[in-house]
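Data first, discussion second: the structure below is written as structure tokens.
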Amino acid sequence: MIRVQNLTRIFEAGKQDVLAVDHISFAVETGEVYGLLGPNGAGKTTTLRMILGLLKPTSGDAEVEGFRVSTHPDEIKRRVGLVSTSAGLYQWLTPREILSFFADVYGVSAAQAEDRIQRLSDLFRLSEFLDRRSATLSTGQKQRVNLARSLIHDPPVMLMDEPTRGLDVVGSKVIFDYIDHLRDEGKAVIVCTHRLDEAEQLCDRFGLLYQGKKSYEGTLEELQQCTSCQTLTQIFLQLLDAPVTKTETVAAAQGELL
Numbered sequence: 001m002i003r004v005q006n007l008t009r010i011f012e013a014g015k016q017d018v019l020a021v022d023h024i025s026f027a028v029e030t031g032e033v034y035g036l037l038g039p040n041g042a043g044k045t046t047t048l049r050m051i052l053g054l055l056k057p058t059s060g061d062a063e064v065e066g067f068r069v070s071t072h073p074d075e076i077k078r079r080v081g082l083v084s085t086s087a088g089l090y091q092w093l094t095p096r097e098i099l100s101f102f103a104d105v106y107g108v109s110a111a112q113a114e115d116r117i118q119r120l121s122d123l124f125r126l127s128e129f130l131d132r133r134s135a136t137l138s139t140g141q142k143q144r145v146n147l148a149r150s151l152i153h154d155p156p157v158m159l160m161d162e163p164t165r166g167l168d169v170v171g172s173k174v175i176f177d178y179i180d181h182l183r184d185e186g187k188a189v190i191v192c193t194h195r196l197d198e199a200e201q202l203c204d205r206f207g208l209l210y211q212g213k214k215s216y217e218g219t220l221e222e223l224q225q226c227t228s229c230q231t232l233t234q235i236f237l238q239l240l241d242a243p244v245t246k247t248e249t250v251a252a253a254q255g256e257l258l
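To convert, note that position 126 of the sequence shown is 126 in UniProt numbering; the numbers rise steadily by one, no gaps.
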């Protein structure tokens, strides 16, 4: 379970500070995939970094499985898996060695690590290159190793930042199946993406970010009722067509201000 409460981040940038994330709040339940959507620069990655404890909020807080990032950042890191296209692999190590290393970092016993490596290898079809140096792997193969790495400690919460960037159709299908697997296992998942067509297939609820603000939130059905549009892309373009001057939710659009 994830709770985000009035998270705010201001970056110092010379004479004029940049408000990257502006008092956003949302919750993600167990077994739910939450899509955090927005154009480039909307604040999606900054939000994930604050939830994980990699970036200190200017104000506000986030909670993962009952632990607050402001007081227990190490406990949160133990309970979160991160999938990001910016996460590199140790090029001179094999996938097996990488998975063993991260299992040790997270305190997974040797016996458990061996079992999980085998299970994750089967899940992501790593066996054909499990003992090859990572420098020789394709982009899709590296991303599959990153997926396995994020699950080696069996975290209850997953954060995914543009997980299909740079992947072909086959690689993207692996990601889709992976997210379905996480939902079935009861994990709380946040997917940050600007690929609205993919988000529509993957996510249970959506939070729309614009200029650092969470402007709208709801299920696809709720957003459809709010806009009379059918696809998430159409909804997004209609709702964020003009600069947002106040936080609005689907409930607000239906006459019930949250």
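Backbone N, C-alpha and C define an ideal beta-carbon position, used for all residues, glycine too. Note that this is a predicted model, so its numbers are computed, not measured.
If you reduce the DSSP assignment to three classes, tell me which class residue i lands in.
{"i": "Gly218", "result": "strand"}
{"i": "Ala199", "result": "helix"}
{"i": "Val157", "result": "strand"}
{"i": "Gly107", "result": "coil"}
{"i": "Ala13", "result": "coil"}
{"i": "residue 269", "result": "An answer regarding residue 269 cannot be provided, because it is not within the stretch 1 to 258 covered by the chain."}
{"i": "Cys229", "result": "coil"}
{"i": "Asp115", "result": "helix"}
{"i": "Ile152", "result": "coil"}
{"i": "Gly31", "result": "coil"}
{"i": "Gln143", "result": "helix"}
{"i": "Asp122", "result": "helix"}
{"i": "Thr8", "result": "strand"}
{"i": "Ser70", "result": "coil"}
{"i": "Leu82", "result": "strand"}
{"i": "Arg205", "result": "strand"}
{"i": "Arg3", "result": "strand"}
{"i": "Pro95", "result": "helix"}
{"i": "Leu223", "result": "helix"}
{"i": "Thr46", "result": "helix"}
{"i": "Glu162", "result": "coil"}
{"i": "Leu55", "result": "coil"}
My guess is that residue i and residue j are in contact by the Cβ rule of under 8 Å, so how many angstroms apart are they, rounded?
{"i": "Ser134", "j": "Leu89", "result": "4 Å"}
{"i": "Ile152", "j": "Leu120", "result": "7 Å"}
{"i": "Glu162", "j": "Cys192", "result": "6 Å"}
{"i": "Ile179", "j": "Ile2", "result": "Not really, about 16 Å apart at Cβ, beyond 8 Å."}
{"i": "Thr8", "j": "Thr58", "result": "5 Å"}
{"i": "Glu200", "j": "Thr231", "result": "7 Å"}
{"i": "residue 262", "j": "Val174", "result": "Nothing can be reported for residue 262: it is not among the residues displayed for the chain, which extend from 1 to 258."}
{"i": "Ser215", "j": "Leu182", "result": "About 26 Å separates the two Cβ atoms, so there is no contact after all."}
Taking the CB atoms as reference points, tell me whether residue i and residue j lie closer together than 7 Å.
{"i": "residue 273", "j": "Phe236", "result": "No answer is possible for residue 273: the residues shown for the chain start at 1 and end at 258."}
{"i": "Ala20", "j": "Gly43", "result": "yes"}
{"i": "Leu48", "j": "Gly207", "result": "no"}
{"i": "Asn6", "j": "Gly60", "result": "yes"}
{"i": "Gly186", "j": "Thr30", "result": "yes"}
{"i": "Val4", "j": "Asp204", "result": "no"}
{"i": "Ser172", "j": "Gly81", "result": "no"}
{"i": "Met160", "j": "Val83", "result": "yes"}
{"i": "residue 259", "j": "Pro155", "result": "The question about residue 259 has no answer here: the residues shown for the chain are numbered 1 through 258."}
{"i": "Val157", "j": "Arg78", "result": "no"}
{"i": "residue 261", "j": "Leu209", "result": "Any question about residue 261 goes unanswered here, given that the chain covers just 1 to 258."}
{"i": "Ala62", "j": "Leu99", "result": "no"}
{"i": "Asp17", "j": "Ile10", "result": "yes"}
{"i": "Ala113", "j": "Ala103", "result": "yes"}
{"i": "Lys213", "j": "Asp74", "result": "no"}
{"i": "Gln211", "j": "Thr227", "result": "no"}
Name the two residues that bound the continuous beta strand (DSSP E) containing residue i.
{"i": "Ala42", "result": "Neither: Ala42 is in no beta strand (DSSP E) and is coded neither H nor E."}
{"i": "Ile179", "result": "Here Ile179 belongs to no beta strand (DSSP E); instead the alpha helix (DSSP H) covers Val169 to Asp184."}
{"i": "Leu19", "result": "Val18 to Val28"}
{"i": "Ala188", "result": "Ala188 to Thr193"}
{"i": "Ala135", "result": "Unbroken run through Ala135: none, as it is neither H nor E."}
{"i": "Val64", "result": "Ser59 to Val64"}
Tell me which residue opens and which closes the alpha helix (DSSP H) that residue i is part of.
{"i": "Glu75", "result": "Pro73 to Arg79"}
{"i": "Thr233", "result": "Leu232 to Leu239"}
Is residue i near the ligand FAD, with its Cβ less than 6 Å from a heavy atom?
{"i": "Arg49", "result": "You won't find the ligand FAD in this model; it holds no ligand whatsoever."}
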